[in-house]
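Peer 1: In the working numbering, the protein residues as written are 131 to 386. Before anything else, here's the structure in question.
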Amino acid sequence: MQAVQLTVTPPSYTMLQTTTAAGDTGEVAALAGSRVEVAVTASKDLRSARLVTESGQEFALTGSGSDWKTDFILKVPEARIEGGSLSRSLVAPDRYQLVLEDTLGHANDDPVWRSIAAVPDQPPTVAIPRPGTDRQVAPEATVVLKVAAKDDYGVARVRVLYRVNDDETVRVLTGFEPAAGAENEPIVAEFEWKLGEHEIRGETWSATGPRRSIATRSPGPARRVRNGSPSSCLLPSRKKPRWRCSWRTSRNCSKV
131 MQAVQLTVTP PSYTMLQTTT AAGDTGEVAA LAGSRVEVAV TASKDLRSAR
181 LVTESGQEFA LTGSGSDWKT DFILKVPEAR IEGGSLSRSL VAPDRYQLVL
231 EDTLGHANDD PVWRSIAAVP DQPPTVAIPR PGTDRQVAPE ATVVLKVAAK
281 DDYGVARVRV LYRVNDDETV RVLTGFEPAA GAENEPIVAE FEWKLGEHEI
331 RGETWSATGP RRSIATRSPG PARRVRNGSP SSCLLPSRKK PRWRCSWRTS
381 RNCSKV
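See below:
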């Protein structure tokens, strides 16, 4: 075998160009979803050529004379791929060898094993540099958000979502897309969030929870006065007058 040429077409979302590498190494390293073409140039005319993987897959090369080729979609386990059928895909990591047979029926001895590897596509990263830290603001305030997102192969869209306290409903606040011609550049955008327009209210606490004790600072021993209400007061011990207090939405104390 004189040469192995690899032509790699990356997934369309990367907007990367097709590349061709010639030589005799034939090592495959590409993004999952790439279409890989393996072209073989033999030292003599061939009757057949096969690509056989260590995992047990086998593809027949097509061609004539000394030039033969095949292609496949590179994928990783449990990943969706663009185009092609599952019968024409190889799952990385794996290894393959090229088994050649000439017109006289002679096969190449001890074919070399070549690696098949998927280059990881890192997830996009996002940051909120402004305000940058947690803030306490009034319900009617306007908060300026600065959002920065980037990815190795460009960001198609950014959506800002929010949820109020323990409410399980997730709402879309706003979204950004890259400017024309800047699809591979990071997205940096600012947005004024007017809280009053999104029905966001300040936090409230219920006063009808479990019974609690409320202590007052005063000299002398103290005793607990209970009145059967959701809360009780701990007041200084006096013979007269006695006080009965309830603590619901406000504290009310009266003589008894």
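Beta carbons: idealized from backbone N, C-alpha and C, even for Gly.
Assuming LEU204 and VAL166 are in contact, meaning their beta carbons sit under 8 Å apart, how far apart are those beta carbons, in whole angstroms?
Peer 2: LEU204 to VAL166, Cβ: 6 Å. Contact.
Peer 1: Around the Cβ of VAL168, are there at least 16 other Cβ atoms within 10 angstroms (buried) or fewer (exposed)?
Peer 2: The residue is buried, with at least 16 neighbouring Cβ atoms inside 10 Å.
Peer 1: What are the start and end residues of the beta strand (DSSP E) that includes ILE330?
Peer 2: Per DSSP, ILE330 belongs to no beta strand (DSSP E) and is neither H nor E.
Peer 1: Of the choices ALA172, ALA257, LEU325 and THR299, whose alpha-carbon is the least far from that of ALA271?
Peer 2: For the residues ALA172, ALA257, LEU325 and THR299, the minimum Cα distance to ALA271 belongs to LEU325.
Peer 1: Kindly provide the ranges of any beta strand (DSSP E) runs that are 3 or more residues long and lie completely inside the region 201–273, ordered along the chain.
Peer 2: Here the runs fully enclosed are 219–221, 224–232, 244–249 and 255–260.
Peer 1: Give every residue of the same chain whose Cβ lies closer than 7 Å to the Cβ of VAL182, excluding the five residues on either side of it in the sequence, and list them in chain order.
Peer 2: Answer for VAL182: GLU188, TYR226, GLN227 and VAL229, listed in chain order.
Peer 1: Are ASP175 and THR233 closer than 8 Å when you measure CB to CB?
Peer 2: Yes; because the gap between Cβ atoms is below 8 Å, this pair is in contact.
Peer 1: Looking only at DSSP bridge pairs, what is PRO161 linked to?
Peer 2: Reading off the sequence, residue 161 comes out as Leu, not Pro. VAL249, per the DSSP bridge assignment.
Peer 1: What do you reckon, are the CB atoms on GLU313 and GLY284 nearer than 8 Å?
Peer 2: Yes. Within cutoff.
Peer 1: Is the Cβ-Cβ distance between GLN132 and SER173 less than 8 Å?
Peer 2: Closer than 8 Å, so yes.
Peer 1: Going by DSSP, name the residue or residues bridged to GLU167.
Peer 2: According to DSSP, which records beta bridges pairwise, GLU167 is partnered with THR137 and ASP201.
Peer 1: If we count the other Cβ atoms within 10 Å of its Cβ and call it buried at 16 or more, is THR255 buried or exposed?
Peer 2: Exposed.
Peer 1: I'd like to know if the region 234–251 and the region 145–157 are in contact, where contact means that at least 3 CB-CB pairs between them fall below 8 Å.
Peer 2: Contact holds: three or more Cβ-Cβ distances are below 8 Å.
Peer 1: Does the Cβ of GLY163 have 16 or more other Cβ atoms within 10 Å, making it buried, or fewer, making it exposed?
Peer 2: With 16 or more Cβ atoms within 10 Å of its Cβ, GLY163 is classed as buried.
Peer 1: Look at the alpha carbon of ALA352 and the alpha carbon of PRO269, and state the distance between them as a whole number of angstroms.
Peer 2: With a pLDDT of only 43 at ALA352, under the threshold of 50, the placement of this residue in the model should not be trusted; the figure read from the coordinates follows. Roughly 41 Å between the two C-alpha positions.
Peer 1: Drop a sphere of 10 angstroms on the beta-carbon of LEU303, count the other beta-carbons inside from all chains shown, and report buried for 16 or more, exposed for fewer.
Peer 2: So LEU303 ends up on the exposed side.
Peer 1: Does DSSP put THR149 in a helix, in a strand, or in coil?
Peer 2: THR149 falls in the strand class under three-state DSSP.
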